[in-house]
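Structure first, then comments.
Numbering (my numbering), first residue to last: 383 to 745.
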C-alpha cells in the first residue's frame, strides 16, 4: 500500500485539530472535541496522550486514512527548550522534555508525543515545526536592564515563519534573501525582525510590546509594582489582568475586533481611541524592530486574525509605510504551516533538525 499522506495534529486545551494532506492539498480535517468531564480525569495535560491518540487513530480509520497509508506525522511543537527555527524529527529526548514540560505545561506539548507514537507504530518519521520555544535571539537582545531577568523568545514562530516563506514565494526568492519585519496580530501580538529568515528579536507577546485584544503588553513598571503590593490582588488575579483580561478586553469588554469596529461605526469615540491606540503601539513596535535591521528592510508584513481589519491595517500602514512597503497577509493557518514544514523536508528543500543536537541540555 502506497504511503502518501501526512497527518497533522494540533492539540488545544479542549479540542484536537487534525488534518490529512496529500502534498499541499488538504484531503480531510476534523476538530475532535474533548468534554471537560473527560479531561478532568487526568492530573497533567500530558496524561491525556493515550486518550487523544486513540481518538485520532479511530478517526483516521473511519475516514479511510488508516495509519498504514501515512508517509509522515507532524504535531504542533510545545514548550521545549530554546531552539533554532526549523522542522525537527521527534526523538526520545524531545518526548521526555514534552512529558516533563521543560518550559511549562501546555496542550501543544501533546503534539510531538502523539505524532511520535503514531509514527513509531508505522516505522515512519514524526516531526514538529517551529514551536513557540524557537529562539534565534542575538545575545544583546536578551539583556533586560535587571540581571535577575533575562528577555526570552516566546513568539508566534509557526505563523511568522510560514508567512516569511509565503512572502518569499510571492517574490520568487528564498527566505534567506529577505529582511522582513513581521507583525502577528492575534489575541497576542508578536512583532519580529527577520534577518535573512532568522528571528533576531521579538517582544514576548505575554509581557511586552503593544497591548492586544487580550493582553496588556508592556506597562509602566513602577505602577505595576505598586499594584503588586497594593493588597488588592493575588498573583493569580493580577496575572489574569495582564494576560487574558487585559488590553482591548479591559478597556472595552470584548476581544473581538469586529465588535469594536461596529461600535466605532456607530460613533463610539472611546472604542475608536482604544482601537487606534492599539494600532499606534503596534506601529511603534514595528519602528523599534526596524532599528534591529538597521533600516535595511524589504517589507513589513501584517498577519494574524486581527489583520483582517482594514481599519487597523490602514492605520498602521500610515505610520510605518515610510520604512518599507507594507504587505497584508491576514489570518493564520497552523495546520497548513505544519504541513508545509514537513513538505519542505520531504521535498528536499531543507533538512530536518535533531532536537538534542540543537538545544543545550545541562540537567
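Built from N, CA and C at the ideal position, the CB exists for glycine as well. This structure is a prediction, so every number in the text was calculated from the model and none was measured.
Residue i burial status per 10 Å Cβ neighbour count (16 or more: buried)
i, result
"residue 602", "exposed"
"residue 611", "exposed"
"residue 472", "buried"
"residue 597", "buried"
"residue 406", "exposed"
"residue 663", "buried"
"residue 746", "Absent from the model: residue 746. The displayed extent of the chain is 383 to 745, so no value can be given."
"residue 619", "exposed"
"residue 560", "buried"
"residue 714", "buried"
"residue 707", "exposed"
"residue 395", "exposed"
"residue 685", "buried"
"residue 720", "buried"
"residue 652", "exposed"
"residue 552", "exposed"
"residue 656", "buried"
"residue 606", "exposed"
"residue 514", "buried"
Span separating the alpha-carbon of residue i from that of residue j
i, j, result
"residue 672", "residue 630", "25 Å"
"residue 411", "residue 397", "13 Å"
"residue 666", "residue 567", "14 Å"
"residue 739", "residue 501", "21 Å"
"residue 460", "residue 617", "25 Å"
"residue 509", "residue 488", "18 Å"
"residue 482", "residue 476", "10 Å"
"residue 743", "residue 641", "46 Å"
"residue 625", "residue 404", "38 Å"
"residue 512", "residue 453", "20 Å"
"residue 633", "residue 658", "13 Å"
"residue 542", "residue 682", "12 Å"
"residue 590", "residue 572", "9 Å"
"residue 604", "residue 615", "16 Å"
"residue 525", "residue 577", "20 Å"
"residue 718", "residue 730", "18 Å"
"residue 437", "residue 415", "10 Å"
"residue 478", "residue 654", "48 Å"
"residue 592", "residue 727", "35 Å"
"residue 700", "residue 711", "17 Å"
"residue 609", "residue 636", "23 Å"
"residue 623", "residue 523", "27 Å"
"residue 486", "residue 650", "41 Å"
Under 9 Å between C-beta atoms of residue i and residue j
i, j, result
"residue 675", "residue 537", "no"
"residue 544", "residue 516", "no"
"residue 702", "residue 677", "no"
"residue 496", "residue 595", "no"
"residue 698", "residue 661", "yes"
"residue 413", "residue 426", "no"
"residue 498", "residue 443", "no"
"residue 741", "residue 389", "no"
"residue 709", "residue 679", "no"
"residue 574", "residue 565", "yes"
heavy atom of the ligand NAP below 8 Å from residue i C-beta
i, result
"residue 728", "As far as ligands go, the structure on display features none, and thus does not contain the ligand NAP."
Contacting residues, own chain, Cβ-Cβ under 7 Å from residue i (five flanking each side not counted)
i, result
"residue 447", "387, 402 and 410"
"residue 557", "546, 547, 550 and 579"
"residue 688", "567, 568, 595, 639 and 694"
"residue 445", "410"
"residue 600", "590 and 591"
C-beta neighbour in chain B for residue i, strict 9 Å
i, result
"residue 463", "Included in the structure is just one protein chain, with no chain B present."
Spatial neighbours of residue i in its chain, beta-carbon cut-off 8 Å, leaving aside the 5 residues before and after
i, result
"residue 518", "466, 467, 535, 580, 581 and 582"
"residue 441", "400, 412 and 414"
"residue 484", "461, 462 and 463"
Cβ neighbours of residue i in the same chain (closer than 6 Å, five flanking residues each side left out)
i, result
"residue 628", "597 and 598"
"residue 480", "460, 491, 494 and 495"
"residue 570", "587, 594 and 597"
"residue 391", "400, 457, 493, 496 and 497"
"residue 520", "582"
* Does the stretch 488–498 come within contact of the stretch 419–436, defined as at least 3 CB pairs closer than 8 Å? -> yes
* Asked: Counting pairs of beta carbons, one from the stretch 526–536 and one from the stretch 585–597, are three or more of them closer than 8 Å?
  -> yes
* Could you say if the stretch 520–530 and the stretch 502–511 meet the contact criterion of at least three C-beta pairs nearer than 8 Å? => no
* To do: Indicate whether the contact test is met: 3 or more Cβ pairs, each with one atom in the stretch 638–651 and one in the stretch 691–705, closer than 8 Å.
  => yes
* To do: Please determine if the stretch 725–734 and the stretch 451–471 are in contact, where contact requires at least 3 C-beta pairs separated by less than 8 Å.
  => yes
* Counting pairs of beta carbons, one from the stretch 432–443 and one from the stretch 414–421, are three or more of them closer than 8 Å? -> yes
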